[in-house]
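Heads up: the sequence shown begins at 37 in my numbering, then just goes up one per residue.
Every residue, glycine too, gets a C-beta built ideally from N, C-alpha and C.
Please read the structure below before turning to the comments.
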Amino acid sequence: MKNRDVKFIIYQVLYIFVICVIALKGADINLEEVIDKRTVVQKTFADSLKRYIDSLLALGLVPKIEFDTAIKIQDLEDLQKRLAEMQQLKLEVQNMVRLEPGFTVVRESEIKKQQELKKELPPENKDKTDVVGKVVALSLFQYTENTVNNPYSLPLEVLADGNVLARIPSKSSGSFTLHGESTITFRVGDASDSKPIKRRRTPAIIFQSYSPGGPEASLRQLQATVGYTVRIDDDFPSTLDVKITGPVVVKPKDNFTYEVMLKFRNSKDEFDRWAEGKDAPYSVNFTVEVKNRISGQSVKQIKPFTFGDW
37 MKNRDVKFII YQVLYIFVIC VIALKGADIN LEEVIDKRTV VQKTFADSLK
87 RYIDSLLALG LVPKIEFDTA IKIQDLEDLQ KRLAEMQQLK LEVQNMVRLE
137 PGFTVVRESE IKKQQELKKE LPPENKDKTD VVGKVVALSL FQYTENTVNN
187 PYSLPLEVLA DGNVLARIPS KSSGSFTLHG ESTITFRVGD ASDSKPIKRR
237 RTPAIIFQSY SPGGPEASLR QLQATVGYTV RIDDDFPSTL DVKITGPVVV
287 KPKDNFTYEV MLKFRNSKDE FDRWAEGKDA PYSVNFTVEV KNRISGQSVK
337 QIKPFTFGDW
């Protein structure tokens, strides 16, 4: 190798060295670790943050990400704590109900809480609105005895023409009597409802004759069979008193129906003594009287038995 070749190599080495020195002049080269590998953000936390942001985007919310340079992350434990807070915020966002624009976003947990509070509240007092249809729907008549059931949670007052007829406790039954009043009122708490009282019709006495006799009839034969049936026709027969008087035997049947048989004389001698001085045909009567115990009003009818001989 020639002498100038050796010099060239030396100059090249020196040149490279100088260039390196110039390049590095003034630079503070510190080859220590910039971040301790034990405190670096782990990949799992980075993935968690990514999933959180993705969930916000899926809900139609656009997160605004800002880095607060005033907050200093001192160590891994501090970072984990802040990530846990962000994870809790994510759960709250997922439990929110997204409404149309212009409406308020309400947490689902708040909705459930309000529903539970509504269940705990006592039910509204429906007694103020449902009087009609449960009690007042009754058809009431003058001069009758009535029984009413109180289905409400408050006492029920019954008034007629302003006068209190009955106070019925809650969930109980009570009775009252109507006379000649014209208006009935049911009152529960502050609510009330009134209705006209209907006039009661007069009871009807209905006769059906089977063997009432005649000018040629025999008294002995008439007394051996039923002469009439009497039926009382009324809407409230339980308030009536029925009285049948005369020389008859009365046998009650069903539905305020009665069988009536003549029972006038037991022998021909008794008949002859009675008929002496009288002209045939003979007639004896019986009376049916029906009286309303409440009003005191009554109706009366008379029916005859006719015969010409013993």
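Assigned exposure category for residue i - 16 Cβ within 10 Å defines buried
i, result
"R309", "exposed"
"A3", "This structure leaves residue 3 out entirely; the chain is present only between 37 and 346."
"T221", "buried"
"P251", "exposed"
"T180", "buried"
"N302", "exposed"
"G332", "exposed"
"K279", "exposed"
"G249", "buried"
"P273", "exposed"
"T275", "buried"
"D270", "buried"
"P232", "exposed"
"L195", "buried"
"V200", "exposed"
"T186", "At residue 186 the sequence reads Asn, which differs from the Thr that was named. N186 comes out buried."
"Y246", "exposed"
"F53", "exposed"
"Y236", "The sequence given here has Arg at residue 236, not Tyr. Buried, by the Cβ-count rule."
"F44", "exposed"
"R223", "buried"
"Y188", "buried"
"Y51", "exposed"
Continuous beta strand (DSSP E) stretch holding residue i: start and end
i, result
"K207", "No beta strand (DSSP E) holds K207; DSSP gives it neither H nor E."
"F222", "219 to 224"
"L29", "Residue numbering for the chain in the displayed model covers 37 to 346; residue 29 lies beyond these limits and cannot be assessed."
Nearest to residue i (by Cα), restricted to the options the options
i, options, result
"Y318", "N328, K336, G344", "G344"
"N348", "I204, V200, G210", "Because the chain spans 37 through 346 in this model, residue 348 falls outside it and cannot be assessed."
"D229", "T219, A316, R236", "T219"
"I242", "F177, E295, K234, P283", "E295"
"Q124", "V284, S91, I330", "S91"
"V284", "V262, Q244, F292", "V262"
"K364", "V266, R118, P232, E121", "Residue 364 lies beyond the range of the chain shown here (37 to 346); nothing can be said about it."
"L255", "N185, K86, M297", "M297"
"P205", "L192, A196, L214", "L192"
"K336", "E325, Y51, I268", "E325"
"L214", "P239, V286, L176", "L176"
"A316", "T342, T293, S245, K117", "T342"
"Q257", "A94, W346, E113", "W346"
"Q244", "R236, N321, Y264", "Y264"
"F322", "L93, R237, V184, V286", "V286"
"T238", "R329, Q151, L190, D226", "R329"
"F292", "A240, D305, Q151, E217", "A240"
"G198", "V184, D226, E217, E312", "E217"
"K347", "D277, K304, P288", "The displayed coordinates of the chain run from 37 to 346. Any statement about residue 347 would go beyond what the structure contains."
"L190", "Q178, V184, F212, D226", "D226"
According to DSSP, residues forming a beta bridge with residue i
i, result
"Q337", "V324"
"S228", "R223"
"L214", "T180"
"D90", "Partner(s): none; D90 has no beta bridge."
"F343", "Y318"
"A202", "V194"
"K234", "F177"
Short CB-CB distance (under 8 Å) between residue i and chain D
i, result
"S209", "Although the question refers to chain D, the structure presented lacks it and comprises just one protein chain."
Contact test: residue i Cβ vs the ligand MG heavy atom, cutoff 7 Å
i, result
"W346", "Inclusion of the ligand MG in the displayed structure is not the case, the ligand content being empty and no account of it being possible."
* Asked: Which parts of the segment 238 to 323 are runs of the alpha helix (DSSP H), unbroken and 4 residues or longer, counting only runs that do not cross its ends?
  -> The segment 238 to 323 contains these whole alpha helix (DSSP H) runs: 255 to 258, 304 to 311.
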